[in-house]
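Undergrad: Counting from 12, one number per residue, gives the positions in the sequence shown under our numbering.
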Amino acid sequence: MLACLVLAGACGRPGEAVARMVTRPVTWTQDGVRFDSVLIYDDAVSGHRPGLVMVPNWHGVNAIAIDKARMIAGHDYVILLADLYGASIRPADDAQAKAAVKPLMADRALLRRRMARALAELRGQAASAPIDLSRLAAIGFCFGGTAVLDLARSGADVRAVISFHGDLATDDPSLARGIRASVLVMNGADDQWTMPDLPAFLREMSQTPTAWQFVAIGHAVHCFTETEATGSSGMCRYNEDAARRSYELMRGWLATHFTETRP
Numbered sequence: 012m013l014a015c016l017v018l019a020g021a022c023g024r025p026g027e028a029v030a031r032m033v034t035r036p037v038t039w040t041q042d043g044v045r046f047d048s049v050l051i052y053d054d055a056v057s058g059h060r061p062g063l064v065m066v067p068n069w070h071g072v073n074a075i076a077i078d079k080a081r082m083i084a085g086h087d088y089v090i091l092l093a094d095l096y097g098a099s100i101r102p103a104d105d106a107q108a109k110a111a112v113k114p115l116m117a118d119r120a121l122l123r124r125r126m127a128r129a130l131a132e133l134r135g136q137a138a139s140a141p142i143d144l145s146r147l148a149a150i151g152f153c154f155g156g157t158a159v160l161d162l163a164r165s166g167a168d169v170r171a172v173i174s175f176h177g178d179l180a181t182d183d184p185s186l187a188r189g190i191r192a193s194v195l196v197m198n199g200a201d202d203q204w205t206m207p208d209l210p211a212f213l214r215e216m217s218q219t220p221t222a223w224q225f226v227a228i229g230h231a232v233h234c235f236t237e238t239e240a241t242g243s244s245g246m247c248r249y250n251e252d253a254a255r256r257s258y259e260l261m262r263g264w265l266a267t268h269f270t271e272t273r274p
């Protein structure tokens, strides 16, 4: 066989299915705003698999976020990469991202409503995508970590919520009493932006009835999973080792809480 058709960078042996990462637009309207998200999964893998709502960093849905979702999805998950800003807002730099995120950080009830809709849209995709509706979770990065923690605080019926280097603050600590998901939070031990809020976060999470864990990743600052964070700033920087370890922790947390028996 001199050549083969390469789909999504994979080329199988004769008789094997060729991996093809589906990247399919998912659009909805909420409160008069259109949202353009992306559903991502490998359609060469047989059988249903867990579904994840994934919220990217404050730059929102872009090519980098899609590549990251493909990497995480692999053979294991169906991912809905969620647009929380609206289709007309696609930040091109940090200044635009800061402006985009500001209304949602100022109105956390609005953020929770948008997260609830994204979860509902993931559920709706099970009609045409191989999603196991009994195994749903949410993961998020930086601003996305904040967003998925607010989904947990809303009492959403998901198995797990995982935050990577997200903001820990909340508008209402008492919401933790209604958390139903098992929550894993991973922040850099040297993260100057989020770690000052850790004591209050620990007090908040002591109220939740479900399993939760906070992991401080040593020698890591903010943005440690963001491969594009390679600038000179010491406050927001990619850390390959920290990223690898955090993904291992994520997969272990999901495997544990997707298989446990729920009351």
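Positions of the beta carbon are idealized from the N, C-alpha and C atoms, including for glycine.
On a predicted model such as this, the values are computed, not experimentally measured, just so you know.
Based on Cα-Cα distance, which residue from VAL232, GLN136, GLY58 lies nearest to VAL250?
TA: At residue 250 the sequence reads Asn, which differs from the Val that was named. The shortest C-alpha separation from ASN250 is found at VAL232.
Undergrad: Whose C-beta lies closer than 6 Å to the C-beta of HIS268 among residues of the same chain, with five residues either side of it excluded?
TA: Excluding positions up to five away in sequence, the list reads ARG170, ALA171, SER193.
Undergrad: In whole angstroms, give me the CA-to-CA distance for THR181 and VAL56.
TA: Going by the C-alpha atoms only, they are around 39 Å apart.
Undergrad: At the level of alpha carbons, what is the spacing between ARG146 and VAL64?
TA: The alpha-carbon atoms of ARG146 and VAL64 are separated by roughly 12 Å.
Undergrad: If you draw a straight line from the C-alpha of ALA131 to the C-alpha of TYR96, how long is it?
TA: One C-alpha to the other measures close to 17 Å.
Undergrad: Hey, GLY71 and ALA111: beta-carbon distance below 9 Å or not?
TA: Cβ distance < 9 Å, so GLY71 and ALA111 count as in contact.
Undergrad: Classify MET197 as helix, strand or coil using the three-state DSSP reduction.
TA: Here MET197 sits in strand by DSSP.
Undergrad: With burial defined as no fewer than 16 other Cβ atoms inside 10 Å of the residue's Cβ, what is the status of ALA108: buried or exposed?
TA: Buried: at least 16 other Cβ atoms inside 10 Å.
Undergrad: Do ASN198 and PHE225 come within 9 Å of each other at the CB atom, strictly closer than that value?
TA: In contact: PHE225 and ASN198 (Cβ atoms closer than 9 Å).
Undergrad: Rounded to the nearest angstrom, how far is the Cβ of ASP94 from that of ASP42, given a contact under 8 Å?
TA: Not really, about 14 Å apart at Cβ, beyond 8 Å.
Undergrad: For ARG123, I'd like the list of residues in its chain whose CB is within less than 6 Å of its CB, leaving aside the five on either flank, ordered along the chain.
TA: Excluding positions up to five away in sequence, the list reads ASP161, SER165.
Undergrad: Residue ranges of each beta strand (DSSP E) run of no fewer than 3 residues wholly in the region 54-82, ordered along the chain?
TA: Taking only runs of at least 3 residues, the beta strand (DSSP E) segments lying wholly in the region 54-82 are 60-66.
Undergrad: In terms of residues, what are the limits of the alpha helix (DSSP H) holding LEU260?
TA: 251-270 is the span of the alpha helix (DSSP H), which, as asked, contains LEU260.
Undergrad: I need the DSSP call for LEU121, collapsed to helix, strand or coil.
TA: In the structure shown, LEU121 sits in a helix (DSSP, three-state: H, G or I).
Undergrad: Just grab the DSSP bridge partners of SER174 for me.
TA: For SER174, which the question treats as bridged, DSSP gives the partners GLY151, VAL196.
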